[in-house]
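Here the structure is laid out as structure tokens; the discussion comes afterwards.
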Amino acid sequence: MDAQGEAYLEMLVAERGAAQSTLAAYRADLEDLEVHLARAKTSLAKALPAQLTAYMAGLAAQGLSARTQARRRSCLRQFYLFLLREGYRPDNPAQAIESPKLRAALPKYLSEGEVEALLAAARATPGLPGLKAVAGLEILYATGLRVTELLTLPAAALSTLADCLMIKGKGGKERIVPLSEAAKHAAAALRAAHADKKPAPKFLFPGRAPGTPMTRQGFALLLKQVALTGGLDPARLSPHVLRHSFASHLLAHGADLRSLQKLLGHADIATTQIYTHVLAERLQKLVQTHHPLAGG
Numbered sequence: 578m579d580a581q582g583e584a585y586l587e588m589l590v591a592e593r594g595a596a597q598s599t600l601a602a603y604r605a606d607l608e609d610l611e612v613h614l615a616r617a618k619t620s621l622a623k624a625l626p627a628q629l630t631a632y633m634a635g636l637a638a639q640g641l642s643a644r645t646q647a648r649r650r651s652c653l654r655q656f657y658l659f660l661l662r663e664g665y666r667p668d669n670p671a672q673a674i675e676s677p678k679l680r681a682a683l684p685k686y687l688s689e690g691e692v693e694a695l696l697a698a699a700r701a702t703p704g705l706p707g708l709k710a711v712a713g714l715e716i717l718y719a720t721g722l723r724v725t726e727l728l729t730l731p732a733a734a735l736s737t738l739a740d741c742l743m744i745k746g747k748g749g750k751e752r753i754v755p756l757s758e759a760a761k762h763a764a765a766a767l768r769a770a771h772a773d774k775k776p777a778p779k780f781l782f783p784g785r786a787p788g789t790p791m792t793r794q795g796f797a798l799l800l801k802q803v804a805l806t807g808g809l810d811p812a813r814l815s816p817h818v819l820r821h822s823f824a825s826h827l828l829a830h831g832a833d834l835r836s837l838q839k840l841l842g843h844a845d846i847a848t849t850q851i852y853t854h855v856l857a858e859r860l861q862k863l864v865q866t867h868h869p870l871a872g873g
């Protein structure tokens, strides 16, 4: 990675509070472009619009999904906007790159019965894995947290009588999420299991190395193992599916989009509108139940 690329990544951390996963994805995207430009004997900072257009066309030819292409395009546009603002170059060569057409994919989520089956399977899982699974599921389903927000909760999280929790999400933005009694009890049980560890864990979900949180991959694997126990297809389950389930079930029970936006920490309500399929289903049931001609 050249100096301008490193400067951009440093800015993402310092000014936007980017997560390590975000940094890793952006670094990989820029390094991939850097390899492409090296074949043309140029660098990231000196790339021409035609070279970036050719790069994006190559991604499509490789069979990369439209969503992956869109993420790469977003990365390039932001990177070159940074170079423009910092005076590294006089233009943004990525400005003219066309956005690939994305299908409006509905979020994958579990039914309420499936969530209950998953929780029952977690409670039946013995030892520390079971305690982690129960705490993770109870907290995710009660709050709609992102998995990174969950795994970086401090060890003392959910240890007070407070009914709400302050979360620092993407870009350092803070929001308040409600807590359930079940989530607080599950967190207390997990904390008690680590009470004798020396040094004391820094995180509620500690990793193998002292002072580190459990990895996203480790937590996702734990969920899939619990899904198998509960008779669910593990391919359908991920931490983000639980976030989608939280949102979908809230809307199904009468929550409004604006409140849901605040709970999920979405900067733009357009992001929250992916869940309007639930509202459509609810309205359809309303008409079927109450319209005088519905029975005919």
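Take the sequence shown: its position 143, counting from 1, is numbered 720 in the working numbering, and each next residue is one higher. Even glycine gets a Cβ: it sits at the ideal position worked out from N, Cα and C. Since this is a predicted model, take the numbers as computed values, not measurements.
Let me check one thing: in DSSP terms, what residues is residue i bridge-paired to?
i	result
P783	P790
What would DSSP say about residue i, mapped onto helix, strand or coil?
i	result
A844	coil
G873	Note on G873: pLDDT 49, under 50, position unreliable in the model; the coordinate value appears next. Coil.
Y632	helix
Y665	coil
S815	coil
D606	helix
M578	coil
L586	helix
G831	coil
H771	coil
R649	helix
T853	helix
S598	helix
G640	coil
K625	Inspection of the sequence shows that residue 625 is occupied by Leu rather than by Lys. Three-state DSSP puts L625 in coil, outside helix and strand.
R799	Correcting the residue identity first, residue 799 is Leu in this sequence and not Arg. L799 falls in the helix class under three-state DSSP.
L658	helix
A824	helix
Q672	coil
S620	coil
E592	helix
A764	helix
L809	coil
H613	helix
H867	helix
A759	helix
Write down the C-beta distance between residue i and residue j rounded to the nearest angstrom, noting that I regard them as a contact closer than 8 angstroms.
i	j	result
L735	A694	Not quite, the Cβ-Cβ distance comes to about 24 angstroms (not below 8 angstroms), so this is no contact.
P670	L625	6 angstroms
R752	K839	6 angstroms
S822	L687	5 angstroms
L728	F780	7 angstroms
R649	L629	Wrong, their Cβ atoms sit about 10 angstroms apart, outside the cutoff.
E691	L809	6 angstroms
K709	F782	6 angstroms
L837	T848	L837 to T848, Cβ: 10 angstroms. No contact.
L742	L756	6 angstroms
Have a look at the options and flag the residue whose alpha-carbon is nearest the alpha-carbon of residue i.
i	options	result
L696	A829, L799 and Q865	L799
P787	V692, Q794, P778 and Y852	P778
A699	G713, S688 and Y686	G713
F796	K775, G784 and L653	G784
M791	T725, S598 and V692	T725
T853	G831, T866, G842 and P869	G831
L819	D833, E592 and A804	A804
Y603	L589, A763 and L614	L589
D579	K750, A596, L607 and S642	L607
Y657	L621, L756 and A701	L621
R666	A673, L738, K623 and E689	K623
G776	R593, A732, A764 and Q865	Contrary to the premise, residue 776 reads as Pro rather than Gly in this sequence. When only C-alpha atoms are compared, the closest one is A732.
V754	A766, A638, F782 and R723	R723
S676	S651, G664 and F659	S651
A615	A871, I846, A601 and Y632	Y632
G664	S598, G807, Y585 and P703	Y585
A824	H868, I851, E758 and L600	I851
Q655	A766, A772, T619 and R593	R593
G748	G842, A605 and A764	G842
L767	E715, I674 and G582	E715
E583	G640, F659 and R644	F659
Whole beta strand (DSSP E) elements within the region 674-756, 3-residue minimum: If we require 3 residues or more, the beta strand (DSSP E) runs fully inside the region 674-756 come out as 741-745 and 751-755.
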